[in-house]
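Trainee: Before anything else, here's the structure in question.
Below, the structure written as C-alpha coordinates:
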(Lines of atoms letter the chains of each structure in order from A and count residues from 1; the text may use other names and numbers.)
(Lines give C-alpha, C1' and ligand atoms only; values in the text may rest on other atoms or scores of the structure.)
Protein backbone atom coordinates (compact mmCIF):
# COMPACT_ATOMS: atom_id res chain seq x y z
CA UNK A 1 0.00 0.00 0.00
CA UNK A 2 1.39 3.38 -1.01
CA UNK A 3 1.32 6.33 1.32
CA UNK A 4 0.73 9.73 -0.16
CA UNK A 5 1.69 13.17 1.01
CA UNK A 6 0.11 16.46 0.10
CA UNK A 7 2.29 19.53 -0.25
CA UNK A 8 1.41 23.08 -1.18
CA UNK A 9 3.45 24.54 -4.00
CA UNK A 10 3.23 28.20 -4.96
CA UNK A 11 1.57 28.56 -8.38
CA UNK A 12 4.44 30.77 -9.58
CA UNK A 13 6.80 27.78 -9.26
CA UNK A 14 4.62 25.81 -11.67
CA UNK A 15 4.17 28.52 -14.26
CA UNK A 16 4.37 26.87 -17.68
CA UNK A 17 4.35 23.33 -16.24
CA UNK A 18 1.47 21.10 -17.37
CA UNK A 19 -0.89 20.33 -14.51
CA UNK A 20 -0.56 16.62 -15.10
CA UNK A 21 0.00 14.28 -12.15
CA UNK A 22 2.60 12.22 -14.01
CA UNK A 23 4.60 15.34 -14.94
CA UNK A 24 4.47 16.67 -11.39
CA UNK A 25 5.55 13.30 -9.98
CA UNK A 26 8.49 13.18 -12.38
CA UNK A 27 9.54 16.69 -11.37
CA UNK A 28 9.39 15.65 -7.72
CA UNK A 29 11.41 12.47 -8.38
CA UNK A 30 14.07 14.42 -10.26
CA UNK A 31 14.29 16.94 -7.44
CA UNK A 32 14.48 14.20 -4.85
CA UNK A 33 17.25 12.49 -6.81
CA UNK A 34 19.22 15.75 -6.94
CA UNK A 35 18.66 16.19 -3.21
CA UNK A 36 20.14 12.73 -2.46
CA UNK A 37 23.07 13.38 -4.81
CA UNK A 38 23.75 16.68 -3.05
CA UNK A 39 23.64 14.96 0.37
CA UNK A 40 25.93 12.17 -0.85
CA UNK A 41 28.48 14.60 -2.26
CA UNK A 42 28.45 16.59 0.97
CA UNK A 43 29.18 13.38 2.92
CA UNK A 44 32.03 12.65 0.49
CA UNK A 45 33.49 16.14 0.93
CA UNK A 46 33.31 15.70 4.70
CA UNK A 47 35.29 12.46 4.47
CA UNK A 48 32.62 9.93 5.45
CA UNK A 49 33.84 7.44 2.85
CA UNK A 50 34.49 6.83 -0.79
CA UNK A 51 31.96 7.72 -3.45
CA UNK A 52 31.26 4.01 -3.91
CA UNK A 53 30.61 3.45 -0.21
CA UNK A 54 28.39 6.51 0.10
CA UNK A 55 26.46 5.61 -3.06
CA UNK A 56 25.83 2.14 -1.67
CA UNK A 57 24.69 3.49 1.70
CA UNK A 58 22.32 5.97 0.09
CA UNK A 59 20.93 3.63 -2.56
CA UNK A 60 22.43 5.54 -5.47
CA UNK A 61 24.25 4.15 -8.48
CA UNK A 62 28.02 4.41 -7.99
CA UNK A 63 28.50 5.24 -11.66
CA UNK A 64 25.84 7.98 -11.53
CA UNK A 65 27.27 9.48 -8.34
CA UNK A 66 30.77 9.60 -9.84
CA UNK A 67 29.35 11.26 -12.97
CA UNK A 68 27.46 13.80 -10.83
CA UNK A 69 30.61 14.48 -8.78
CA UNK A 70 32.73 15.08 -11.87
CA UNK A 71 30.02 17.33 -13.28
CA UNK A 72 30.42 19.46 -10.16
CA UNK A 73 34.21 19.53 -10.41
CA UNK A 74 34.79 16.89 -7.72
CA UNK A 75 37.34 14.30 -8.75
CA UNK A 76 37.11 10.97 -6.91
CA UNK A 77 40.06 10.08 -4.67
CA UNK A 78 41.71 6.87 -5.85
CA UNK A 79 44.34 6.38 -3.18
CA UNK A 80 45.57 2.88 -2.32
CA UNK A 81 43.34 2.92 0.74
CA UNK A 82 40.29 3.80 -1.37
CA UNK A 83 41.03 1.01 -3.83
CA UNK A 84 41.36 -1.52 -0.98
CA UNK A 85 38.09 -0.26 0.52
CA UNK A 86 36.31 -0.59 -2.81
CA UNK A 87 37.62 -4.13 -3.35
CA UNK A 88 36.59 -5.41 0.09
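In this note's numbering, the protein residues as written are 20 to 107. Just so you know, even glycine gets a beta-carbon here, dropped at the ideal spot from N, CA and C.
Could you tell me the distance, in whole angstroms, from the CA atom of residue 35 to the CA atom of residue 89?
Mentor: When rounded, the distance between both Cα atoms is 31 angstroms.
Trainee: Would you decide whether residue 28 is buried or exposed? Buried here means 16 or more other CB atoms lie within 10 Å of its CB.
Mentor: Counting Cβ neighbours within 10 Å, residue 28 comes out exposed, since fewer than 16 surround it.
Trainee: For residue 96, tell me which candidate among 70, 51, 24, 32 has the shortest Cα-Cα distance.
Mentor: It is 70 whose Cα lies nearest to the Cα of residue 96.
Trainee: Between the C-alpha atoms of residue 81 and residue 50, what's the straight-line distance to the nearest angstrom?
Mentor: Residue 81 and residue 50: Cα-Cα distance of roughly 19 angstroms.
Trainee: Who are the near neighbours of residue 63 in its chain, counting only those whose CB is closer than 8 angstroms to its CB and skipping five residues on each side?
Mentor: Closer than 8 angstroms at the Cβ level, and outside the excluded window around residue 63, lie 69, 70, 73, 88, 93.
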